[in-house]
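Just below is one structure, and these are the notes that go with it.
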Amino acid sequence: MAASDQSPITKSYQPITWNFKLLANDMLGGFGGMGEGMSVQIAPDGRRIIWLAHESAPKNFTAVDVSDPRKPKVVCQTDLPHANMRSNSLETCGNMMAVAYQTSKKDLTPAGFELFDISKPENPKSISFFDCSGPHSRGVHQLWFCDGEYVHCASGSRDFVPTNAQDDQFYRCVDVRNPSKPVEVGRWWMPGTRQGDNVMPPSRHPIDKGFRAHNCNVYPQRPDRCYLAYIDGGMFVLDIADKANPKKISSWTNSPPYTGFMHTIVPLFDRGLMLVTDESTENNAKDWPKLIWVLDAREETNLVPISTCPLPDPKVYAEAGRFGAHNIHENVPLPTAWHSDQIVLGTFFNGGLRAYDISNPYQPKEVGIFMPPAPPGAPTGTIQMNDVFVDERAIVYTVDRHIGGLYILEMDF
Amino acid sequence: MLDLFPSREAGPFGRRLKRERGARVPVIVVTGFLGAGKTTLIRRFLKSPEGAGTAVIVNEFGAVGIDDALIRDSAEETVLLGNGCVCCITRTDLQVALRRLVFDRERGTVPPFARVAIETSGLADPAPILQTFSTDRALGGEFHIDVVLAVADAMNGEAELDSAAEARKQIILADRIVISKTDLATPAMVESLTRRVKALNPRAAIDIAIAGALDPSRIIEPATNERGGFVAEAEHADGITSFVMTRKEPIAWPVFSRAMETLIALRGVDLLRVKGILNVAGCRGPVVVQYVQHLAHPPVELEFWPDPNRDSRVVFITRDIAERDVKVLFAAVTALAKS
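Chains as they are written, first to last, in the working numbering: chain U, 510 to 922; chain S, 223 to 561.
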């Protein structure tokens with residue numbers, strides 16, 4: 510009956526825009542390979558600035574004036590001190606910004622995070638640098654900074670000797686109430702990953718990406734909880750009421766049989782739900798399936814997976830680049846962020862940006878796709894959507910990992 | 223689900239939507255009598271940039287699919303329904319075709335098409351087609367009719383309206399009417415048909431197509447965006463009337479739904495189309511309701527009111543049902559619910 514068997518459009522990868530409206534694309538002056546730090550600031554002069562972390566050197570971060578989302582304008586773009594490092598993650602809170610620095614090898618500097626005064630977006634001023642370098646450390650991969658007081662980060666440390674070289678980054682909480690003198694106040698690592706632990710090191714996964722911290726989200730609804738993704742170690746809910754002594758409340762992992770790399774945990778407090786994402790790290794969908802998972806978290810000590818956000822047949826997407834889940838909009842607890850417990854927006858590399866309606870959390874339903882054509886010069890020949898942020902106006906910002914820069918969209922569903 | 227995982231963002235009818243169709247695929251139903259120019263209109267639309275990504279379902283009343291052959295070269299997907307009329311013999315085929323499109327899209331073998339255009343056979347009664355989309359079970363969860371468009375031919379339209387009840391019903395149930403073949407007809411013929419069509423359906427906007435060409439936005443613009451939908455009061459033909467029920471004060475949902483249940487139980491077959499927005503007590507946004515004969519669309523709460531007017535407004539298109547009786551029924555249910 511249906512003509513799909515004869516259709517010329519079947520079975521090949523092609524761009525799709527469905528229920529999103531593209532307002533603008535800015536390739537950021539030819540440096541459009543973007544990481545996973547996106548944060549919106551309302552500058553003292555009233556301009557709306559989105560701060561973006563770069564995926565890799567030579568650029569550090571870029572600030573874009575998005576007061577008119579149809580006419581983005583780069584106002585600041587900075588360089589890293591050298592090519593053997595990256596500033597993959599950043600967050601802003603008021604007129605302060607924290608930027609993560611991770612080196613490609615151990616014992617290099619600068620490895621840690623830097624605090625900036627961004628009152629004048631054209632001219633960010635360094636306030637301080639928190640050093641996390643060391644013979645076993647690559648510094649900070651990811652950070653969370655929303656209350657102006659504490660930076661929660663996935664970091665190595667001079668005094669931390671991992672049982673496996675890949676497990677160098679763990680959870681650290683750093684007091685920045687005096688921004689010129691950040692002080693570590695607490696830390697937690699997965700038992701078995703530090704030399705001297707009294708438990709055995711964890712068994713490695715076939716695709717070994719490390720038992721190490723990634724996102725460490727903390728929300729004002731539960732300031733005594735840290736929702737910590739731990740890559741190949743799954744995820745943990747930590748009690749951080751006493752920041753000096755974080756304690757494990759519960760954990761959950763899908764691997765094995767899945768292939769590890771748990772990335773982000775977003776609790777939906779009113780609903781007793783939790784979103785958990787994996788990251789696809791292998792080209793050609795070799796680590797398929799990497800998914801967004803929905804957990805029933807009404808009982809935080811017994812997390813129950815109840816569904817995943819559906820993705821299309823990977824065959825169509827396996828030809829080039831990565832395909833699978835990565836970042837989602839995290840309901841960052843700032844007035845400049847959109848908050849929703851009904852819609853999930855996630856980036857899926859060559860699967861683009863996808864939106865899901867989770868009003869029935871047992872049956873997430875795809876409600877929008879933005880898979881633009883490959884940007885000129887894209888090394889994989891496809892888009893590689895890496896991160897997403899939605900501001901309080903419900904304007905969606907999403908970035909390409911390699912070259913495409915910033916895409917600004919409206920949700921149309 | 224709402225009880226198990228409650229959300230302050232959701233209302234009693236679930237997630238509040240930006241627009242009535244939410245994320246569902248928009249459907250354009252193109253009706254019109256035999257030879258009215260439906261295929262030409264669709265072909266011209268498909269060739270426009272706005273027509274990209276349209277899946278077309280063609281219903282032919284005849285053994286050879288001529289219209290299908292004409293359309294296939296420019297449509298995203300073309301589905302030909304068999305030898306029969308989409309409203310009766312092949313209604314199941316329509317459902318199967320639409321389900322198949324959804325299935326193929328979810329398998330990734332067909333991209334998420336932007337919309338579906340259904341070209342009905344000239345003899346089709348639009349009401350059963352509308353019913354097909356009226357409930358979740360019958361594809362209402364995936365598709366949403368954005369506009370029912372009736373094409374009337376300036377050369378022969380009046381004669382067809384005189385002789386065929388189906389042609390009159392197509393005009394009466396349409397959201398928008400396109401007068402075609404105006405380049406072949408005299409201005410007097412166009413004017414006369416326009417008058418006639420307006421008398422049959424004063425709710426619908428009337429557009430003039432020149433050589434089959436129409437501004438594509440007039441094909442894809444949802445009918446709900448037109449204010450005229452709530453000003454109609456008319457005696458049409460064949461015992462069909464339309465009227466608008468308005469109410470200033472917020473209405474309790476049980477009152478509205480019970481009154482509609484009674485109407486459906488007693489006279490469902492004569493409720494040709496009921497559509498409107500309600501100011502439901504306890505809801506932040508307007509609630510869109512839609513009924514086609516016995517079937518009710520799941521109500522949808524919108525995020526925002528379309529205009530400053532907060533009155534409930536519902537259009538009834540009915541056969542042999544008096545406006546007064548409906549209004550008395552609603553008044554009685556309202557009074558009983560209070561007591």
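Yeah, the Cβ is synthetic: ideal placement off N, Cα and C, and Gly gets one too. Computed from a predicted structure; not experimentally measured.
Residues bridged to residue i [DSSP beta-bridge criterion]
| i | result |
| --- | --- |
| C682 of chain U | U:H661 and U:G695 |
| S759 of chain U | U:V746 |
| G233 of chain S | S:G236 |
| G855 of chain U | U:I837 and U:R863 |
| C818 of chain U | C818 of chain U is not bridged to any residue. |
| K600 of chain U | For clarity, residue 600 of chain U is Glu in the given sequence; the question names Lys instead. BP columns for E600 of chain U point to U:A607. |
| N792 of chain U | U:R831 |
| V537 of chain S | S:V466 and S:K497 |
| E919 of chain U | U:K530 and U:I904 |
| W802 of chain U | U:V785 and U:T817 |
Residue i classed as buried or exposed, judged by whether at least 16 other C-beta atoms fall within 10 angstroms
| i | result |
| --- | --- |
| R910 of chain U | buried |
| E623 of chain U | buried |
| R579 of chain U | exposed |
| M709 of chain U | exposed |
| E808 of chain U | exposed |
| E364 of chain S | buried |
| G743 of chain U | buried |
| D577 of chain U | exposed |
Contact with chain S by residue i, beta-carbon distance below 7 Å
| i | result |
| --- | --- |
| V876 of chain U | yes |
| R498 of chain U | The question about residue 498 of chain U has no answer, for chain U in this structure spans 510 to 922. |
| V905 of chain U | no |
| R868 of chain U | Residue identity differs from the one stated: residue 868 of chain U is Ser in this sequence, not Arg. Closer than 7 Å: yes. |
| Q651 of chain U | no |
| Q851 of chain U | yes |
| F679 of chain U | no |
| D900 of chain U | no |
| F879 of chain U | no |
| D574 of chain U | no |
| D577 of chain U | no |
| F922 of chain U | yes |
| N528 of chain U | yes |
| P909 of chain U | The residue asked about is misnamed: residue 909 of chain U is Asp in this sequence, not Pro. Cβ-Cβ to chain S under 7 Å: no for D909 of chain U. |
| D751 of chain U | no |
CB contact below 7 Å: residue i versus chain U
| i | result |
| --- | --- |
| G236 of chain S | yes |
| S229 of chain S | yes |
| A245 of chain S | yes |
| R329 of chain S | yes |
Bounding residues of the alpha helix (DSSP H) (the contiguous stretch that carries residue i)
| i | result |
| --- | --- |
| K582 of chain U | Note, K582 of chain U: premise wrong, no alpha helix (DSSP H); beta strand (DSSP E) at K582 to D588. |
| D547 of chain S | E545 to K560 |
Residue closest to residue i, alpha-carbon to alpha-carbon, out of the options
| i | options | result |
| --- | --- | --- |
| V247 of chain S | S:A336, S:G379 and S:L226 | S:A336 |
| A232 of chain S | U:D850, U:Q893 and U:F879 | U:D850 |
| M411 of chain S | S:D397, S:A376, S:S464 and S:V324 | S:A376 |
| I394 of chain S | S:A339, S:R495, S:G344 and S:E380 | S:R495 |
| A339 of chain S | S:K470, S:L352 and S:I279 | S:I279 |
| P530 of chain S | S:P521, S:K470, S:R329 and S:A427 | S:K470 |
| A493 of chain S | S:S479, S:S464 and S:V510 | The sequence given here places Leu at residue 493 of chain S; Ala does not occur at that position. Out of S:S479, S:S464 and S:V510, S:S464 has the C-alpha closest to the C-alpha of L493 of chain S. |
| K614 of chain U | U:S596, U:G648 and U:Y767 | U:G648 |
| L804 of chain U | U:P870, U:P633 and U:P553 | U:P870 |
| N534 of chain U | U:D921, U:M920 and U:T907 | U:T907 |
| L537 of chain U | U:V583, U:N569 and U:G743 | U:V583 |
| D542 of chain S | S:L488, S:A503 and S:P424 | S:L488 |
| F325 of chain S | U:D822, U:Y736 and U:P884 | U:D822 |
| W797 of chain U | U:T786, U:G781 and U:G833 | U:G833 |
| V370 of chain S | S:G344, S:T540 and S:R398 | S:R398 |
| D562 of chain S | S:V510, S:A389, S:M482 and S:I351 | A query on residue 562 of chain S cannot be resolved here, the shown segment of chain S reaching from 223 to 561 and no further. |
| F679 of chain U | U:Q893, U:F669, U:N687 and U:L784 | U:F669 |
| M547 of chain U | U:N528, U:D588, U:A609 and U:A722 | U:A609 |
| T817 of chain U | U:A864, U:R831 and U:D779 | U:A864 |
| S598 of chain U | U:V660, U:P729 and U:A592 | U:V660 |
| Q392 of chain S | S:A518, S:I351 and S:P228 | S:I351 |
Limits of the unbroken beta strand (DSSP E) element including residue i
| i | result |
| --- | --- |
| T907 of chain U | I904 to D909 |
| I250 of chain S | V247 to G254 |
| V608 of chain U | M605 to T612 |
| M482 of chain S | Per DSSP, M482 of chain S belongs to no beta strand (DSSP E); it is in the alpha helix (DSSP H), W475 to R489. |
| A427 of chain S | A427 to I430 |
Residue i Cβ short of 6 Å to the ligand ATP heavy atom set
| i | result |
| --- | --- |
| D315 of chain S | The ligand ATP is not among the ligands present in this structure, which contains no ligands whatsoever. |
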